[in-house]
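Undergrad: Once you've had a glance at the structure underneath, I'll fire off some questions.
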Amino acid sequence: MNDSNPHLSSDTLQAYLDGELPAEQIEPVQTHLAGCRRCAAELEGWQVLLAELDDLPALVPSSAFGDRVLAGVRATGTLVAEESEATPATTPARPSWWRRLLPGWTGGQTPDRHLTPELIQDLLDGALPGRRLVMAREHLADCGQCRGQVAEWEPVFSTLAEIPRLEPSPGFADRVMEAHRARSRAPTPVPAGLERVLDWAEGAARAAGRFVPTTPGSWGVLGAVAVVPTLVVMTLVGAVVAHPLVSWEALATFLRWRVADGLGAAGAWASQWLIQSPVAMAAWELAGQLAAAPGAALALLIGAWTLTLAAVWILYRNVLAPSPQVGRHE
Amino acid sequence: MDYAQLDDRELAARACEGRERAFRELLVRYERPVFSLVFRMVRNRETAEDVAQEAFVKAFSAIHTYNPSYRFSNWIFKIANNMAIDRLRKRELATVSIDGAPNAGSTEEEHRTGFDIPDRSETPEAYTENRELGSRIEVAMGRLRPEYRTAVILRHVEGHSYQEISDIMELPLGTVKTYIHRGRGELKGLLEEVAV
């Protein structure tokens, strides 16, 4: 299932039937199957096919086939007489395809191959996928020897399950944090007060984030709401301009007047504030005192010129003068 | 804000900003499992605390390199396990590579590729002297090679999936399964020996 194809792939369906699907995918697949007739039908088809494959009969060659093969082997001189006598008279039944996938499959009522230790471990560890688990259980039901093997492994697993976690000594965490502070090249830890402010801001941002649209539909609604004021204003402007006595030139003239009036009023307010402000009064008084003491005024003038020249020099060195090449070595 | 409610990724993001409470919360969550793994690897409490501490400090100092698409637990376990293995190598513990090639296909091949050297650092008797690691299963676990031990501990003590263990140990999934199977097989034999 992907963006281009909304249906389950045949690989997914087979993995689902084989019990090989990862646990987190099982529920979505089941949900999809419950609502999708096409995939449900395909699943049914796979189930039928697997059942047919399971029931395939073993194909046995003619009785003379074994003799012919042995005669050929004897002719090569690699087969001794005792071994030829040990050859089974009949070909063993062929296990069905999925049973052959199971390591250690017994192949019938009289087990000749048993569950491997790995399979027994996976069985006890809960690591066997569904179909293999069923087959292993079926085998165990018929095979006492393998049941004995499982019984031998069970104490190992029960012992492993009882292993506890071991605890570090008290104060371990504090020592780690201390070492971290001393050796870390991480960013400087945020002070506790600032951290609280950051936490609060983060919480507020998170709360605000809940109102952020997440779906195309909700984005559409938000966009529509945002456009409404613009549409209202444009409609009103259109209505005003449509009046026969109103023209664009008249509107521009009106706006120019309003701007000029606003600038004039702001200038008058600034002039009045400057004249009446304590800063202006202090500056006026200072100027008067300097006029009364020419030496101090001269010193102040020289100081101001010195600072100005220094500022120009710094500006020249850092901005205008060519800087030496600085290499980066990683 | 209650940091205990945040998941590991969110905590790591805050730790990147240098928030100590985030580091502390991560430490509270993982100090026991990490120490537990390291202790069973190096089999000495003081050394284990040193290694676990170094692992946390290293992880915290490099928190900005943590990839949030990766599980934090896997990341910290990987760092701790690598440091424990390094420590074992430096100390030339007898459990390292004397039991045959880890990739041996059979028990016979494993014995053939192995060699015997005297164990100068820790003996099974020394294990039993250790009160915490003196139980039957702990003694048996101590005899496993480090790779098997890590895999078995992560599986049975920490409950990680095979895939997670594969990520932590940076090994193919099949190799991890083999390690776990062989480790448990050896444990079974060792436990039977002790029982006899």
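So the sequence lines, in the order shown, correspond to chains H and D. The opening residue of the first sequence carries number 147 in this note's numbering; numbering runs sequentially from there. The opening residue of the second sequence carries number 44 in this note's numbering; numbering runs sequentially from there. Glycine included, C-beta positions come from ideal geometry on N, C-alpha and C. As the structure is a computational prediction, the values presented were derived from the model and not from experiment.
Report yes if the C-beta distance between M281 (chain H) and R67 (chain D) is below 9 angstroms; otherwise report no.
TA: no
Undergrad: If you measure beta-carbon to beta-carbon, which residues of the stretch 303-329 of chain H are closer than 7 angstroms to chain D?
TA: T305, L306, A307, I309, R311, L312, E313, P314, S315, F318, A319, R321, V322, M323, A325, H326 and R329
Undergrad: At which residues does the alpha helix (DSSP H) containing L409 (chain H) begin and terminate?
TA: Segment W394 to Q422, the alpha helix (DSSP H) holding L409 (chain H).
Undergrad: Quick one: give me the first and last residue of the alpha helix (DSSP H) that D129 (chain D) is part of.
TA: F115 to R134
Undergrad: Measuring only the C-alpha atoms, how far is S364 (chain H) from D45 (chain D)?
TA: 31 angstroms
Undergrad: Could you check the C-alpha separation between D157 (chain H) and G276 (chain H) for me, to the nearest Å?
TA: 16 angstroms
Undergrad: Does any residue of chain D bring its CB to less than 9 angstroms from the CB of P263 (chain H)?
TA: yes
Undergrad: Please report how far the alpha carbon of D407 (chain H) lies from the alpha carbon of Q435 (chain H), in whole angstroms.
TA: Spanning the two alpha carbons is a distance of roughly 39 angstroms.
Undergrad: Let me see if you follow: with CB-CB separation under 9 angstroms, is L167 (chain H) close to chain D or not?
TA: Chain D contact via Cβ: absent.
Undergrad: Chain D beta carbons: is any one of them nearer than 9 angstroms to that of Q267 (chain H)?
TA: yes
Undergrad: Throw me the rounded Cβ distance for the E188 (chain H) and L159 (chain H) pair, which I believe falls under 8 angstroms.
TA: 6 angstroms
Undergrad: For chain H, check one thing: does any of its Cβ atoms lie closer than 9 angstroms to the Cβ of V195 (chain D)?
TA: yes
Undergrad: Taking Cβ positions, are F99 (chain D) and L70 (chain D) nearer each other than 9 angstroms?
TA: yes
Undergrad: In the stretch 88-114 of chain D, which residue ranges form an unbroken alpha helix (DSSP H) of at least 4 residues, counting only runs that do not cross its ends?
TA: 88-104
Undergrad: Smallest Cα separation from R327 (chain H): which of D:R227, D:A102, D:D50 and D:E89?
TA: Of D:R227, D:A102, D:D50 and D:E89, the residue nearest in Cα terms is D:A102.
Undergrad: Which residues in the same chain as D210 (chain D) place their Cβ atom closer than 6 angstroms to its Cβ, once the five residues preceding and following it in sequence are excluded?
TA: If we look at D210 (chain D) and ignore the five residues flanking it on each side, its Cβ neighbours are N117.
Undergrad: Let me know the secondary structure DSSP gives H285 (chain H) once reduced to three states.
TA: helix
Undergrad: Note down, in chain order, every chain H residue with its Cβ under 8 angstroms from the Cβ of K121 (chain D).
TA: Ordered by position in chain H, no residue passes the 8 angstroms Cβ test against K121 (chain D), which lies about 18 angstroms from the chain.
Undergrad: Against E173 (chain H), what residues of chain D qualify as contacts under a CB-to-CB distance less than 7 angstroms, listed in chain order?
TA: Chain D residues near E173 (chain H): none, gap ~18 angstroms exceeds 7 angstroms.
Undergrad: Check this for me: beta carbons of H199 (chain D) and E264 (chain H), under 9 angstroms apart or not?
TA: E264 (chain H) sits away from H199 (chain D), with the two beta carbons spaced by 9 angstroms or more.
Undergrad: Interface residues of chain D around A273 (chain H) at Cβ under 8 angstroms?
TA: Y205
Undergrad: Within the continuous alpha helix (DSSP H) that includes D45 (chain D), where are the two ends?
TA: Run containing D45 (chain D): none; DSSP gives neither H nor E here.
Undergrad: Do T279 (chain H) and F303 (chain H) have their C-beta atoms closer together than 9 angstroms?
TA: The identity of residue 279 (chain H) in the sequence shown is Leu, whereas the question assumes Thr. Not in contact: L279 (chain H) and F303 (chain H) (Cβ atoms no closer than 9 angstroms).
Undergrad: What separation, rounded to the nearest whole angstrom, lies between the Cα atoms of Q295 (chain H) and I119 (chain D)?
TA: 37 angstroms
Undergrad: Suppose the cutoff is 6 angstroms on Cβ atoms and the five residues either side in sequence are ignored; what does the same chain contact list for F82 (chain D) look like?
TA: A91
Undergrad: In three-state terms, what does DSSP make of S209 (chain D)?
TA: Correct three-state label for S209 (chain D): helix.
Undergrad: In the structure shown, what three-state DSSP assignment does F318 (chain H) receive?
TA: Here DSSP, grouped into helix, strand and coil, assigns F318 (chain H) to helix.
Undergrad: Could you give the residue range of the alpha helix (DSSP H) that holds A388 (chain H)?
TA: Here A388 (chain H) belongs to no alpha helix (DSSP H), and DSSP marks it neither H nor E.
Undergrad: Alpha carbon to alpha carbon, what distance is there between L187 (chain D) and D159 (chain D)?
TA: Only weak support is given to the placement of D159 (chain D): the predicted model assigns it a pLDDT of 49, under 50, and the question is left unresolved by the model.
Undergrad: Three-state secondary structure (DSSP) at S178 (chain D)?
TA: Judged by DSSP in its simplified three-state form, S178 (chain D) adopts coil rather than helix or strand.
Undergrad: Can L230 (chain D) and L80 (chain D) be called in contact, C-beta distance under 9 angstroms?
TA: No; because the gap between Cβ atoms is not below 9 angstroms, this pair is not in contact.
Undergrad: Considering only their Cβ atoms, is the gap separating Y205 (chain D) from V219 (chain D) smaller than 9 angstroms?
TA: yes
Undergrad: Within the 9 angstroms Cβ cut-off, does M184 (chain D) reach chain H?
TA: yes
Undergrad: Taking DSSP as the reference, what is the three-state secondary structure of Y462 (chain H)?
TA: helix
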